[in-house]
Ligand code: GLN
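Numbering (this note's numbering), first residue to last: 447 to 916.
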């Protein structure tokens, strides 16, 4: 398993060429996984011709298909965007290009990012590279399957309630959701604007840190992006012994016993480094899923109102203006997105807003306050990433509530705007499982450094090698 700096070293010595690496990655695209909606070989080769000295020179990168690359279709895995070719690139894409990164393709997702399994795509489900009968997690499942199967060195996803971290957990990878405002959302198709962040899925913390260094920072095109200076995320080697890590008891209930013991093993190992732990309580954890549902559906219903068959995307002509909109939207969206638009419209309606949306907004503030209070006692939180390993394809597609269950571990960080990272904790049978570190706002360096500490532990290196060797 090579890191990005190791590839750069090999390029310098001439032991591998960027063209050779790209060819290898292209060969590893496995059609049966269905990780890609569009493969952009030509764009990647064009990228190689640019003579860059950047941190990502010659590194093949996969991009979730809700992030715009100029001139390449953006589908959001939806029929409603059929034929849409964005005339501009997302800020993150421009920054990667400036640093010499090359784009190998656009990856599959749950339509508009709404799901936990990458099964609800107009382009069919993505499969887990460890076991093709299992889901890769969602909604950035294509981005995780691409990295896990070796067709990309690193990828971008988006995380509204856990969509970068859940697939990282199920596919044996490191997945980072940065603090709200750390990374520009300009050019990311909006789902829940107060929750969305572009995230990174990589094979190790070093690669994720380098990518974060490239994409993070203020962007005048996104008014919610922060002006706070970015840290040096490529140096993750220092973790102070004085930090304290909290174990929130609520996160360890209703989880697979194998998940419990894997995360406890991570705790034991970190403890051996002289770092202390403390039990803490986050009593509002049980409200995370309903609160997340109300807020994200409300925002989605508003954000998705623009797909009307008039301005762009799919159009089905009807008998009147309204009939055209109705027919276009009916033909354009899959059932889960329609369900969320209906529920979201309801919770914002005048008869329901006080009881649903406003109440959820209030509970969101309580959840945030509770995190803030706990972060006065401890510096980080260690939790499971998902309650179970990857589940079978088809198991939850008819049960939207059960599909939301893994969000209990992840959506709290979105509601409170906190940075969180998932990394491999071990294997349960043939399936990987992750742990999660949640940090204080803008402490991406701290959470990634803890992951780095764990990665360096023997025999953990061996496990990681087994999980993700090329
Ligand atoms: N699983 C969550 C949902 O279904 C999270 C999605 C996401 O983060 N984009 O909404």
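Just so it is clear, CB atoms sit at the ideal spot from N, CA and C, and this is done for glycine as well.
- prompt: Taking just the CA atoms, how far does residue 865 sit from residue 800?
  reply: On the chain shown, residue 800 is found 354 positions in, with the first residue counted as 1. On the chain shown, residue 865 is found 419 positions in, with the first residue counted as 1. Cα-Cα distance, rounded: 30 Å.
field: DSSP three-state assignment for residue 686, whether helix, strand or coil
entry: Taking the first residue of the chain shown as 1, we reach residue 686 at position 240. Looking at residue 686 - three-state DSSP - the assignment turns out to be coil, as it is neither helix nor strand.
task: Scan the region 572 to 623 and note each continuous alpha helix (DSSP H) run of 4 residues or more that stays entirely inside, going in chain order.
output: 587 to 594, 611 to 616
- prompt: Ordered along the chain, which non-local residues of its own chain (more than five positions away) have a Cβ less than 6 Å from that of residue 917?
  reply: With the chain covering 447 to 916 only, the question about residue 917 has no answer from this structure.
- prompt: Within 6 Å: the Cβ of residue 606 and any heavy atom of ligand 3?
  reply: No copy of ligand 3 occurs in the structure displayed; its ligands are ligand 1 alone.
- request: Note the first and the last residue of the continuous beta strand (DSSP E) segment covering residue 655.
  value: For the purposes of this step, residue 655 is taken as the residue at position 209 of the chain shown. Segment 651 to 661 is the alpha helix (DSSP H) holding residue 655; no beta strand (DSSP E) there.
query: Would you say the beta carbon of residue 710 comes nearer than 6 Å to a heavy atom of ligand 1?
result: Within the chain shown, numbered from 1, the residue matching residue 710 stands at position 264. Not under cutoff, so the answer is no.
- request: Could you check if residue 552 is buried or exposed, using at least 16 other CB atoms within 10 Å of its CB as the buried criterion?
  value: What you label residue 552 is simply residue 106 of the chain shown in a count that begins at 1. With 16 or more Cβ atoms within 10 Å of its Cβ, residue 552 is classed as buried.
task: Decide if residue 554 is buried, meaning its Cβ has at least 16 other Cβ atoms within 10 Å, or exposed.
output: For the purposes of this step, residue 554 is taken as residue 108 along the chain shown, with counting starting at 1. Its Cβ being crowded by 16 or more others within 10 Å, residue 554 is buried.
query: Is the distance from the Cβ of residue 564 to the Cβ of residue 582 below 7 Å?
result: For the purposes of this step, residue 564 is taken as residue 118 along the chain shown, with counting starting at 1. For the purposes of this step, residue 582 is taken as residue 136 along the chain shown, with counting starting at 1. Contact flag set, yes.
task: Confirm the yes/no value for this check: CB of residue 561, any heavy atom of ligand 1, distance under 6 Å.
output: Here the question's residue 561 lines up with position 115 in the chain shown. Correct: residue 561 has its Cβ closer than 6 Å to ligand 1.
DSSP beta-bridge partners of residue 718: Looking up residue 718 in the chain shown gives position 272. Beta-bridge pairing links residue 718 to no other residue.
task: Could you name the residues of the same chain whose beta carbon sits closer than 6 Å to that of residue 696, not counting the 5 residues immediately before and after it, in chain order?
output: Here residue 696 refers to the residue found at position 250 of the chain shown. Once the five neighbours on either side are set aside, the close Cβ partners of residue 696 are 728, 731.
- request: Name, in chain order, the residues that DSSP records as bridge partners for residue 703.
  value: Residue mapping note: residue 703 aligns to position 257 of the chain shown, counting from 1. In the DSSP output, where bridge partners are listed per residue, residue 703 has none listed.
message: Short of 6 Å in beta carbon distance, which residues of its chain neighbour residue 662, apart from the five on each side in sequence? Order them along the chain.
response: Counting from one through the chain shown, the residue named residue 662 turns up at place 216. Once the five neighbours on either side are set aside, the close Cβ partners of residue 662 are 628, 629, 676.
message: What does DSSP give as the partner residue(s) for residue 629 in the beta ladder?
response: Counting from 1 along the chain shown, the entry for residue 629 is found at position 183. According to DSSP, which records beta bridges pairwise, residue 629 is partnered with 662.
query: Taking Cβ positions, are residue 510 and residue 589 nearer each other than 7 Å?
result: Working through the chain shown from its first residue, we reach residue 510 at position 64. Working through the chain shown from its first residue, we reach residue 589 at position 143. In this structure, residue 589 lies closer than 7 Å to residue 510 by Cβ.
query: Taking just the CA atoms, how far does residue 610 sit from residue 584?
result: If you number the chain shown from 1, residue 584 lands on position 138. If you number the chain shown from 1, residue 610 lands on position 164. Their Cα atoms are separated by approximately 7 Å.
field: residue 853 beta carbon near ligand 1 (any heavy atom closer than 6 Å)
entry: To locate residue 853, count along the chain shown from 1; it is residue 407. The answer is yes for residue 853.
query: Since residue 604 contacts residue 645 with CB under 8 Å, what's their CB separation in whole angstroms?
result: Against the chain shown, residue 604 aligns to sequence position 158. Against the chain shown, residue 645 aligns to sequence position 199. The pair is a contact, with the Cβ atoms about 6 Å apart (cut-off 8 Å).
message: Does the beta-carbon of residue 597, which I'm using as the reference point, lie nearer than 6 Å to any heavy atom of ligand 1?
response: What you label residue 597 is simply residue 151 of the chain shown in a count that begins at 1. Flag unset: Cβ of residue 597 not near ligand 1.
Cβ neighbour criterion (16 or more within 10 Å) applied to residue 612: Counted from its first residue, the chain shown places residue 612 at position 166. So residue 612 ends up on the buried side.
- prompt: Whose C-alpha, out of 632, 467, 571, 809, is nearest the C-alpha of residue 483?
  reply: One-based indexing of the chain shown puts residue 483 at position 37. For the residues 632, 467, 571, 809, the minimum Cα distance to residue 483 belongs to 571.
task: Write down every uninterrupted run of the beta strand (DSSP E) in the region 813 to 900 whose length is 3 residues or greater and which is fully enclosed by it, in chain order.
output: 826 to 830, 866 to 874, 877 to 885
query: If residue 938 and residue 546 are in contact, beta carbons under 8 Å, what's the gap, nearest whole angstrom?
result: This structure cannot settle anything about residue 938, because the visible part of the chain is limited to 447 through 916.
Residue range of the unbroken alpha helix (DSSP H) whose run includes residue 493: If you number the chain shown from 1, residue 493 lands on position 47. Element bounds for residue 493: 487 to 495.
- prompt: Should residue 535 be counted as a contact of ligand 1 given a C-beta to heavy atom distance under 6 Å?
  reply: Residue mapping note: residue 535 aligns to position 89 of the chain shown, counting from 1. No.
field: residue 411: first and last residue of the uninterrupted beta strand (DSSP E) it sits in
entry: Residue 411 is absent from the model: the chain starts at 447 and stops at 916.
field: residue 901 versus residue 650 - alpha carbon distance
entry: One-based indexing of the chain shown puts residue 901 at position 455. One-based indexing of the chain shown puts residue 650 at position 204. Those two C-alpha atoms are separated by around 8 Å.
message: How far does the beta strand (DSSP E) with residue 647 in it extend, from its first residue to its last?
response: On the chain shown, position 201 is the one that residue 647 refers to. Unbroken beta strand (DSSP E) run through residue 647: 643 to 648.
- prompt: Is residue 567 near ligand 1, going by C-beta to nearest heavy atom under 6 Å?
  reply: For this step, residue 567 is matched to residue 121 along the chain shown. No, the Cβ of residue 567 stays beyond 6 Å of every heavy atom of ligand 1.
message: Quick check on residue 737: does DSSP put it in helix, strand or coil?
response: As a working mapping, residue 737 is identified with position 291 in the chain shown. Three-state result, residue 737: helix.
message: According to DSSP, residue 692 sits in a beta bridge with which residue or residues?
response: Along the chain shown, read from residue 1 onward, the residue named residue 692 stands at position 246. DSSP, once it has assigned bridges, lists 724, 827 as partnering residue 692.
message: Does the distance between the C-beta of residue 609 and the nearest non-hydrogen atom of ligand 1 fall short of 6 Å?
response: Within the chain shown, residue 609 is the residue found at index 163, counting from 1. Checking the Cβ of residue 609 against ligand 1 gives yes.
message: Between 534, 464, 505, 878, which has its C-alpha nearest residue 709's C-alpha?
response: Taking the chain shown and counting its residues from 1, one reaches residue 709 at position 263. Cα-wise, what sits closest to residue 709 is 878.
query: Going by the CB atoms, is the gap between residue 600 and residue 648 shorter than 7 Å?
result: Here residue 648 refers to the residue found at position 202 when the chain shown is read from its first residue. Here residue 600 refers to the residue found at position 154 when the chain shown is read from its first residue. Cβ atoms of residue 648 and residue 600: closer than 7 Å.
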